[in-house]
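Step one of this worksheet: look at the structure below.
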Amino acid sequence: MSNSIGRPVVVCVAFAFIVWTHGATIGRERPYDDDPYFPKDLDGTNTTRDLTVVQKWSKSLLTYAIVNYPRGMPEGTVRSTIRTAFDAWSRVTNLDFVERASSAEVDIQVAFEGMNHYRRGVPCQYNHENTLAHAFFPELGDIHFNTLHFFNGETSREEFLNTAVHEIGHSLGLLHSASRSSIMYGAQLSSNLLVEPQPEDIEAIQAIYGVRSGPPSTTQLPLTTTRPRPAPPTTKPRTKTNLCALSSFDTIVLDHRGNICVLAGQYYYNLNETNPPPRKLAAKWPGLPRKVQAAITYRDQKTYFYKDDQYWKYDKLRLEKGYPRPIAKSFPGIPTDGLDGLLTVKSGGFLAFKGPQYWFYDVSKSKPVEWYYPKRTTSDFAGLPTEVDAGLMTTAGRRFVFSAMRYYELNDKDRVILRDGDVRRDWFNC
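Sequential numbering from 1 applies to the sequence shown in the UniProt record's numbering.
Given below as structure tokens:
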């Protein structure tokens, strides 16, 4: 997908996160998408995963905002229904939800969107026109309702409330349930429209966030916004490199919230922002050295950074215990004296680029790198330059590589270059 000037953009969210797209047609039962399979972490370490939850919020007070309103239902009714859906979960577990007027900094954005839409500036789409809604797991959390169904004159408030409670369950970290008596069942049942968590749902959510220890908070922030006057500077600010002035960058990666981050020296730039300022790497990822050579966020929901013969593994923004570790110990067969770029592939594993060569690391095999690697990059990827600086893969399977301030989108099946362009113009908006 590209914007009007051809800018390549990540669809919805990084491939490390799962987007639940629900294919229930109103008035009958239709299965939702299957729950995903969670493998071991990329480096082979075991991560204990609850069968009910894949992620959780690290705080108990969550903010939300309704970004826009659909036709066919009064705004007040939409707001009260969304509030009722959040309250249904707040009554049974230690979470409180506060609505805000501005959606810029909230934890959960609620929006009503058509087939092709945006999530926090990033293009997004439903998998099928019959999709009722989709939601993002913590700590992304956003919820999108399909305007083809909400509200087209056929959808009742009860059906909307049912969907909202279900989607909020995903936003809080719950997977689908196999039980038809659960609000988290994988289909909307017109014959049994539940509008609140059932006993098994309550047990699941309390296993994550605990039993409600007191009455839910009734505090609501005022739905008005004010802009505080900035304090006068006490010192002259230091000049930092402007994004458009960069002649090169170290790598590009998506953070745990799906933001596209360009890393350069000791700084990073969040491309999901307008005119992003340079920010210190160590302030976002504590313990990470400057001038990282390669990085990926894998489907185990962890972010990996590589430099020289070491790699760093982060759970969201927290460096896991025991890292950095030697690349040779966890990733036998790929270069251990520095990497130029990494690109995750749909089938699992990743491509590692160094100089004019690349390696395929297959996490599903006992011998992850076959004997016939490395291969020449230009031999298998016609149209790519000799050396690759970074790679990026989207949830939808779109793959991009970067070299010398140019980008190339690859066809996933036959490795053909679909398009290429200037990074400054199309990614940095310079």
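Backbone N, C-alpha and C fix where the C-beta goes; we use that ideal spot for every residue, glycine too.
Taking 8 angstroms as the cut-off, the Cβ atoms of residue 361 and residue 334 count as close. Within the stretch 279-326, the runs of beta strand (DSSP E) that reach at least 3 residues and sit entirely inside it are, in chain order, 294-297, 302-307, 310-315. Counting the other Cβ atoms within 10 Å of the Cβ of residue 199 gives fewer than 16, which makes it exposed.
Restricted to the stretch 351-411, the beta strand (DSSP E) segments that are unbroken, complete and at least 3 residues in length are 357-361, 390-393, 399-403, 406-410, listed in chain order. Beta-carbon to beta-carbon, residue 400 and residue 409 are separated by about 5 angstroms, close enough to satisfy the 8 angstroms threshold. Only buried fits residue 272, as 16 or more other CB atoms lie within 10 angstroms of its CB.
Rounded to the nearest whole angstrom, the CA to CA distance from residue 104 to residue 171 is 18 angstroms. Around the Cβ of residue 169, a 10 Å sphere holds 16 or more other Cβ atoms; the residue is buried.
In this structure, DSSP gives residue 161 a helical state, which the three-state scheme calls helix.
For residue 252, the uninterrupted beta strand (DSSP E) segment begins and ends at 251-254. Listed as beta-bridge partners of residue 420 by DSSP are 408.
Beta-carbon to beta-carbon, residue 210 and residue 93 are separated by about 6 angstroms, close enough to satisfy the 8 angstroms threshold. Counting only runs of 4 or more residues that sit fully inside the UniProt domain "Peptidase metallopeptidase" (53-211), the alpha helix (DSSP H) segments are 75-90, 157-171, 199-209, in chain order.
In the three-state scheme derived from DSSP, where H, G and I count as helix and E and B as strand, residue 430 is classed as coil. Rounded to whole angstroms, residue 193 and residue 405 show a C-alpha spacing of 53 angstroms. Around the Cβ of residue 261, a 10 Å sphere holds 16 or more other Cβ atoms; the residue is buried. Annotated three-state conformation of residue 263 is strand, per DSSP.
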